[in-house]
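Chains A and B are the protein sequences, given in the same order. Residue numbering for the first sequence follows the working numbering, starting at 996 and increasing by one per position. Residue numbering for the second sequence follows the working numbering, starting at 996 and increasing by one per position. Positions of the beta carbon are idealized from the N, C-alpha and C atoms, including for glycine. Small disclaimer: the values here were computed from a predicted structure and weren't measured.
Protein chains: 2
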Amino acid sequence: MALDQTQTTYGIAELAREFGITTRAIRFYEDKGLLSPARDGQRRIYASRDHVRLRLIMRGKRLGFSLDEIREMIDLYDLDPTEVSQLKMFIDKLQARREQLRRQQDDIIETLAELDQLEDQSRGLLADREARRKAVG
Amino acid sequence: MALDQTQTTYGIAELAREFGITTRAIRFYEDKGLLSPARDGQRRIYASRDHVRLRLIMRGKRLGFSLDEIREMIDLYDLDPTEVSQLKMFIDKLQARREQLRRQQDDIIETLAELDQLEDQSRGLLADREARRKAVG
DNA sequence: GCTAACGTTTACGTTAACGTAAAGCGAGCC
DNA sequence: GGCTCGCTTTACGTTAACGTAAACGTTAGC
Chain A
996 MALDQTQTTY GIAELAREFG ITTRAIRFYE DKGLLSPARD GQRRIYASRD
1046 HVRLRLIMRG KRLGFSLDEI REMIDLYDLD PTEVSQLKMF IDKLQARREQ
1096 LRRQQDDIIE TLAELDQLED QSRGLLADRE ARRKAVG
Chain B
996 MALDQTQTTY GIAELAREFG ITTRAIRFYE DKGLLSPARD GQRRIYASRD
1046 HVRLRLIMRG KRLGFSLDEI REMIDLYDLD PTEVSQLKMF IDKLQARREQ
1096 LRRQQDDIIE TLAELDQLED QSRGLLADRE ARRKAVG
């Protein structure tokens, strides 16, 4: 009875396909300290932990964060809380990120509202055109 | 009784101060077709229209859009709807943006939830530390 | 034993979004 | 008239985030 750990591992190409990016990008993220896969000889072997991290990376990118910012956020996830002072700093960072995200939320809401307005206008114009085409044609 | 148009105009340094960016950036946005100020001789003169555009630009940047994307969005605002086919394309573009923004919203909600969880954990740890400090001290 | 398929390192190239420095112009002031 | 202030153009430099190419190793299949 060996250890039945959910032993999911991934090759680099596999991950690349799944996330729709290149292997080059994945290695680049490793260079930047965002990933640290195990090795089998030279080959990189990614565990589910890396898989999770990649998901976080992609999400961060969709939100427009830089890789440095993304690393900061990811590092927040697996931090061992030894020093109290670090814990406080940690909470402060969380707070800052939260505010940034809230601002983004507000920006999105504003933008969506404006897009709605634009769409209403153009749908009106379109309907108008159609009506005239009928009347004339 | 001259025309009492709200004749607000701005110099480039003025705008730079207000938006917290450099004049270099503002000129750069002009190069990229995001702004097109009037001129007094050589000097650039910005009207309230440009002011609005700059606000849109900054909002776009906070959301992580590229200047090209931002220009696309801004151009949506002052488009004259002559061709019906263009109108339809226009609406399609609106739709695409909207979906992108919605995905961002979802990403933000997820992230905020995770940050909340992290903060709860670390506040717990912090309280624990404080308690022990009291008990021992 | 050759050739794909997949992986590796090393290194130079590219694009976006400005920064920075140089050199010059026009208005106001002392 | 000289100086400073604010603005201008021109142009080269920089950073981030990869792309792309070269040259090589290793497992699988025929």
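Item, Value
"Using 8 Å as the threshold, is the C-beta distance between M1053(A) and F1014(A) below it?", "yes"
"Which two residues bound the contiguous beta strand (DSSP E) that contains I1040(A)?", "1038-1042"
"From the DSSP output, read off the bridge partner residues of Y1005(B).", "Y1041(B)"
"Report yes or no: do the stretch 1080-1096 of chain A and the stretch 1073-1088 of chain B share at least 3 C-beta pairs separated by less than 8 Å?", "no"
"Closer than 9 Å by beta-carbon distance: list the chain B residues that pair up with G1059(A), in chain order.", "K1056, R1057, L1058, G1059, F1060, Q1099"
"Give, in chain order, every unbroken run of the beta strand (DSSP E) that is at least 3 residues long and sits entirely within the stretch 1022-1091 of chain A.", "1033-1035, 1038-1042"
"Evaluate contact between the stretch 1045-1062 of chain A and the stretch 1102-1117 of chain B, counting only Cβ atoms and requiring at least three cross-stretch pairs below 8 Å.", "yes"
"Only counting the same chain, and skipping five residues up and downstream in sequence, which positions put a Cβ closer than 6 Å to that of D999(B)?", "Note that D999(B) scores 42 on pLDDT, short of 50, meaning its location in the model is unreliable and no value can be drawn from it."
"Label R1039(B) either buried or exposed according to how many other C-beta atoms from any shown protein chain fall within 10 Å of its C-beta, with 16 as the threshold for buried.", "buried"
"What residues of chain A sit near V1079(B), judged by a beta carbon separation below 7 Å?", "L1121, R1124"
"Please state whether DSSP places G1119(A) in a helix, a strand or coil.", "helix"
"Listing by chain order, which chain B residues have their CB less than 7 Å from the CB of R1150(A)?", "With chain A represented from 996 up to 1132, any question about residue 1150(A) goes unanswered, as that position is not in the structure."
"Could you tell me whether any Cβ in chain B is nearer than 8 Å to the Cβ of F1023(A)?", "no"
"Closest to S1043(A) by CA distance: which of D1075(A), E1064(A), G1006(A) is it?", "G1006(A)"
"Since I believe L1010(A) is in contact with Y1041(A) (beta carbons under 8 Å), could you give me their beta-carbon distance rounded to a whole number of angstroms?", "6 Å"
"Keeping to the same chain, check which residues put their C-beta closer than 6 Å to that of D1026(B); ignore five residues upstream and five downstream.", "none"
"Less than 6 Å between C-beta atoms, sequence neighbours within five positions excluded: which residues of the same chain meet that for I1065(A)?", "I1052, G1055"
"So L1071(A) and L1120(B) are supposed to be a Cβ contact under 8 Å. How far apart are they, rounded?", "In fact, because the Cβ distance is near 14 Å, the residues do not count as touching under 8 Å."
"Mapping DSSP to helix, strand and coil, what is T1017(B)?", "coil"
"So the candidates are H1046(A), R1124(A), R1118(A), R1098(A); which of them puts its Cα closest to the Cα of Y1024(A)?", "H1046(A)"
"Grab me the residues of T1003(A)'s own chain with a C-beta within less than 8 Å of its C-beta, minus the 5 sequence neighbours each way, in chain order.", "A1042, S1043, H1046"
"Measure the C-alpha to C-alpha separation of R1127(B) and R1097(A) and round it to an integer number of angstroms.", "35 Å"
"If I measure Cβ to Cβ from T1017(A) and keep anything under 8 Å in the same chain, skipping five residues before and after, which residues do I get?", "A1011"
"Using a 10 Å radius around the Cβ and a threshold of 16 neighbouring Cβ atoms, would you call S1117(A) buried or exposed?", "buried"
"Would you say I1007(A) reaches chain B, if we count a Cβ-Cβ gap shorter than 8 Å as a contact?", "no"
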